[in-house]
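So the protein lines, in turn, are chains A and B.
Per the working numbering, the very first residue in the first sequence carries number 20; after that it's consecutive.
Per the working numbering, the very first residue in the second sequence carries number 20; after that it's consecutive.
Number of protein chains: 2
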Amino acid sequence: MDALHPEVAGEFGPLTKYVGYALRRAQLKVFQDFIDTLGELDLRPAHFSVLTVIDANPGILQSRACAALGIQKANFVPLLDGLQRRGLLRRVALNGRANGLHLTDEGRKLLARARRLHDRHERRVLGVMSALERKRLIATLSRIAGLDEVSPRAAPAAARRSPSGSAAAPRRGSAAKRSP
Amino acid sequence: MDALHPEVAGEFGPLTKYVGYALRRAQLKVFQDFIDTLGELDLRPAHFSVLTVIDANPGILQSRACAALGIQKANFVPLLDGLQRRGLLRRVALNGRANGLHLTDEGRKLLARARRLHDRHERRVLGVMSALERKRLIATLSRIAGLDEVSPRAAPAAARRSPSGSAAAPRRGSAAKRSP
DNA sequence: CGGCTTCATTATGGGATATAACCATGAAGC
DNA sequence: GCTTCATGGTTATATCCCATAATGAAGCCG
């Protein structure tokens, strides 16, 4: 990969000064390393984050979990399907329509292994970055992402970007149990 | 500053301490704002970066440009097609197989407008971040992305990730002119 | 000339994500 | 008790981004 040395710097032009561009390149690099590292467990970044959230909040609702992760509920379903099929988590019916999410023992075990790999991954990716620098980086990124905003406790959950919002049209679907 | 508020922090678990996760969320946020902001020009991030590189390197080869940007040449083609169709750039045949890329006047004009919008976008996304903080952020991200590595002048171009690499299969294709 | 390499292209598939439509259940109102 | 509405989950579909494989043709070099 080319990059910023004087000679090559010209190729990028002002691009090297744009935060967005640096962000994209860094993100691609980090994700690639993540995938390579956790590949042996067949865990992609999204899987890892889902397991982490469920582990930290046993019994959490699907809707709440995917809202926290910023994943559309529609996309969350096949994700959970996959993890459930692998025996890593269970959907426990709460009342006929809501599911509480729980890790299985196997899920917890895999997550533990994943965390160890993840540590190695972070160390490799961050290279010789001081703890302070790392902390500052996370703080800055979280601020940019708006992750440090005040509690969305009673927040409208899906207040992302739909001014009108409502759609109340009834349809057909089903909170149907997947694993009867 | 561990980002999150106490209440919500629980939902994320250790996720708030992972650089990769913060990176992803920040990147999504920034790109969304970019798209919203430059939407009126119908420019996506990739388009903008391509125009920027060509503007800074008139006549640059396709292969060189896409290598610099970390884009696969195969994916680069339709990207250029689109921009060319819009009259923003021209492919100038150098010798029958290689194309030099140039912005048209219209391309330069659009890029200028885009830059103004981009400035607004960055200011909005970075909020009240000091110039120093911004600079440090870019430096850190560039280091993570490996963008600060030493010049790959004569580097093998496609040295990304194929240990075996070779495939010496014969081909058939065509640098065929698109705009004869 | 003949083989290898380079440049550009086409075709194709996977992964992630957004949206819309939809069923069911539970909660609220009359 | 029945209607109305919001909630939780699911399906289906389209799009975007990116990666790989294979191809065509031109240039390079002995």
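No residue lacks a Cβ here, since even glycine has one placed at the ideal position from N, Cα and C.
A quick note: this is a predicted structure, and the numbers were derived from the prediction, not measured.
Inter-residue Cα distance where the pair is residue i and residue j
{"i": "residue 145 (chain A)", "j": "residue 140 (chain B)", "result": "28 Å"}
{"i": "residue 75 (chain A)", "j": "residue 120 (chain A)", "result": "11 Å"}
{"i": "residue 65 (chain A)", "j": "residue 112 (chain B)", "result": "44 Å"}
{"i": "residue 48 (chain B)", "j": "residue 115 (chain A)", "result": "35 Å"}
{"i": "residue 200 (chain A)", "j": "residue 103 (chain B)", "result": "Since the first and last residues shown for chain A are 20 and 199, residue 200 (chain A) lies out of range."}
{"i": "residue 164 (chain B)", "j": "residue 43 (chain B)", "result": "14 Å"}
{"i": "residue 77 (chain A)", "j": "residue 101 (chain A)", "result": "18 Å"}
{"i": "residue 82 (chain A)", "j": "residue 127 (chain B)", "result": "46 Å"}
{"i": "residue 97 (chain B)", "j": "residue 142 (chain A)", "result": "37 Å"}
{"i": "residue 130 (chain B)", "j": "residue 92 (chain B)", "result": "22 Å"}
{"i": "residue 138 (chain B)", "j": "residue 99 (chain B)", "result": "24 Å"}
{"i": "residue 155 (chain A)", "j": "residue 88 (chain A)", "result": "22 Å"}
{"i": "residue 158 (chain A)", "j": "residue 90 (chain B)", "result": "30 Å"}
Cβ-based burial, residue i [other Cβ within 10 Å; buried from 16]
{"i": "residue 36 (chain A)", "result": "exposed"}
{"i": "residue 151 (chain A)", "result": "exposed"}
{"i": "residue 38 (chain B)", "result": "buried"}
{"i": "residue 73 (chain A)", "result": "buried"}
{"i": "residue 51 (chain A)", "result": "exposed"}
{"i": "residue 149 (chain B)", "result": "exposed"}
{"i": "residue 106 (chain B)", "result": "exposed"}
{"i": "residue 4 (chain B)", "result": "Residue 4 (chain B) is absent from the model: chain B starts at 20 and stops at 199."}
{"i": "residue 54 (chain A)", "result": "exposed"}
{"i": "residue 86 (chain A)", "result": "buried"}
{"i": "residue 46 (chain A)", "result": "buried"}
{"i": "residue 84 (chain A)", "result": "buried"}
Residues of its chain near residue i, where Cβ-Cβ distance is below 8 Å and the 5 sequence neighbours each way are ignored
{"i": "residue 133 (chain B)", "result": "57, 60, 62, 67, 70"}
{"i": "residue 32 (chain A)", "result": "none"}
{"i": "residue 147 (chain B)", "result": "none"}
Residues near residue i by beta carbon distance below 7 Å, same chain, minus five either side
{"i": "residue 117 (chain A)", "result": "80"}
{"i": "residue 34 (chain A)", "result": "40"}
{"i": "residue 153 (chain B)", "result": "145"}
{"i": "residue 95 (chain B)", "result": "81, 85"}
For residue i, the three-state DSSP class (helix, strand or coil)
{"i": "residue 79 (chain B)", "result": "strand"}
{"i": "residue 174 (chain A)", "result": "Bear in mind that the predicted position of residue 174 (chain A) carries a pLDDT of just 36, short of 50, making it unreliable; the figure below should be weighed with that in mind. Note: residue 174 (chain A) maps to coil in three-state DSSP."}
{"i": "residue 114 (chain A)", "result": "coil"}
{"i": "residue 120 (chain A)", "result": "strand"}
{"i": "residue 108 (chain B)", "result": "strand"}
{"i": "residue 147 (chain B)", "result": "coil"}
{"i": "residue 101 (chain B)", "result": "helix"}
{"i": "residue 89 (chain B)", "result": "coil"}
{"i": "residue 47 (chain A)", "result": "helix"}
{"i": "residue 62 (chain A)", "result": "coil"}
{"i": "residue 18 (chain B)", "result": "What the structure shows of chain B is the stretch from 20 to 199, and residue 18 (chain B) is not part of that stretch, so it cannot be assessed."}
{"i": "residue 126 (chain B)", "result": "helix"}
{"i": "residue 165 (chain B)", "result": "coil"}
Same chain, Cβ closer than 6 Å to residue i, neighbours up to 5 away in sequence not counted
{"i": "residue 136 (chain B)", "result": "56, 57"}
{"i": "residue 161 (chain B)", "result": "167"}
{"i": "residue 122 (chain B)", "result": "73, 74, 108"}
{"i": "residue 110 (chain A)", "result": "118"}
* Asked: Got a sec: which bits of the stretch 76–93 of chain A sit with their beta carbon under 7 Å from any beta carbon on chain B, in order along the chain?
  -> Taking a C-beta cut-off of 7 Å against chain B, the contacting residues of the stretch 76–93 of chain A are 76, 87, 89, listed in chain order.
* Asked: Using a Cβ cut-off of 8 Å, which residues of the stretch 27–41 of chain B contact any Cβ in chain A, in chain order?
  -> Those would be 27, 29, 30, 31, 32, 33, 34, 35, 36, 37, 38, 39, 40, 41, in chain order.
* Proximal residues, the stretch 99–130 of chain B versus chain A, C-beta separation under 7 Å -> Within the stretch 99–130 of chain B, no residue has a Cβ that lies closer than 7 Å to any Cβ of chain A.
* **Where the stretch 59–74 of chain A meets chain B: residues whose CB sits under 8 Å from a CB there** => Answer set for the stretch 59–74 of chain A: 64, 68, 71, 72, 74.
* To do: Check each residue of the stretch 141–168 of chain A: if its Cβ is closer than 9 Å to any Cβ of chain B, include it; give the result in chain order.
  => Residues passing the 9 Å Cβ filter: 141, 144, 145, 146, 148, 152, 153, 154, 155, 156, 157, 158, 159, 160, 161, 162, 163, 164, 165, 166, 167, 168.
* Pull out every residue of the stretch 41–52 of chain B whose Cβ sits closer than 9 Å to any Cβ of chain A, in chain order. => Of all residues in the stretch 41–52 of chain B, 41, 42, 43, 44, 45, 46, 47, 48, 49, 50, 51, 52 have a Cβ within less than 9 Å of some Cβ in chain A.
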